[in-house]
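Chemist: Okay, handing you the structure first.
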Amino acid sequence: MKKKIIDYIRRNRVCTTEVADCLGKTGVLENVMPINRGHFKVGNVKWVYADHESNWNVHKMIIDTQEGDIVFIDAIDCKGRAIIGELVSKYILLYRQANAIISNAKFRDAAALIRENYPIWSTGFTPVGCFNKEPKEPVDPAWLALHRAMYDGAIAVCDDCGVVIIPKECHTEEFYQKLVAIEEQEDTWFDRLDHYKDNTFDIVCLKTYLKEPRR
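Residue numbering for the sequence shown follows the working numbering, starting at 35 and increasing by one per position.
Laid out in structure tokens, this is it:
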């Protein structure tokens, strides 16, 4: 079902807004926005983490990134530092052939990332980066277990509106049918607006078109 869901979203360009609606208006990575506009990406989440102001673990974990993955860099205790910049982004996207990079932290080398038009979603930029030394402090095992279970192997959908994560428990036929239904609903709503000139209260709230006889 996972591949079926990814394929449907890609072929129909199901936007993050619609995916979030299918998730009960949840699933967004807060404050994560595209560095470059116009990209639409969906794929398997390869989860890695940065911790204690270091990107040591990022370098270790991205080595086995698979083609088509969306690499999610999950930052903890990095104190606002940039996690990676141009070098690591190029390695992930060009040499590992990842589909995109997403992160709940900042990046650096803004000019290069924008010039290359890389498909990256982050919380912004800063010139102050993480250290590339092995952290001396361990990461809380409970945090690691929770976030690995939550994100690794999930599906990420990324567009100009942000990033939405479809958790593994939603990789089901039921969720697939929700995606199909919301695409059909969007077609109907715009048809009612553009061709029937209905107002949005009737379309969205009252759904008066459902009470009309079939033609």
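Think of the CB as a built atom: it goes at the ideal place given N, C-alpha and C, for glycine as much as any other residue. What you are looking at is a predicted structure, and each value in this text was computed from that prediction instead of being measured.
I'd like to check one pair, E217 with G46: are the Cβ atoms closer than 9 Å?
Modeler: This sequence places Asn at residue 46; Gly is not what is there. Yes; because the gap between Cβ atoms is below 9 Å, this pair is in contact.
Chemist: Under 8 Å, with one C-beta from each stretch per pair, do the region 145-164 and the region 68-77 reach the 3-pair mark?
Modeler: The region 145-164 is in contact with the region 68-77.
Chemist: Which complete beta strand (DSSP E) runs does the region 189-233 hold, if anything under 3 residues is left out?
Modeler: List check, beta strand (DSSP E) in window: 189-193, 196-200.
Chemist: Measure the alpha-carbon distance for K80 versus D193 and round it to whole angstroms.
Modeler: Rounded to whole angstroms, K80 to D193 spans 18 Å at the Cα level.
Chemist: Please name the residue or residues paired with A116 in a DSSP beta bridge.
Modeler: DSSP output for A116 lists K140, G163 as bridge partner(s).
Chemist: So D98 packs on G77, CB below 8 Å; how close in whole Å?
Modeler: Not really, about 15 Å apart at Cβ, beyond 8 Å.
Chemist: If distances are taken between C-alpha atoms only, which option among I69, A84, V48, Y243 comes closest to K167?
Modeler: When only C-alpha atoms are compared, the closest one is A84.
Chemist: Rounding to the nearest angstrom, what Cα-Cα distance links Y185 and P201 in this structure?
Modeler: For Y185 and P201, the distance between alpha carbons rounds to 7 Å.
Chemist: From E87 to F141, what distance separates their C-alpha atoms?
Modeler: Distance between the alpha carbons of E87 and F141 is about 13 Å.
Chemist: Would I110 and W177 be called neighbours here (beta carbons separated by less than 9 Å)?
Modeler: A contact, by the Cβ cut-off of 9 Å.
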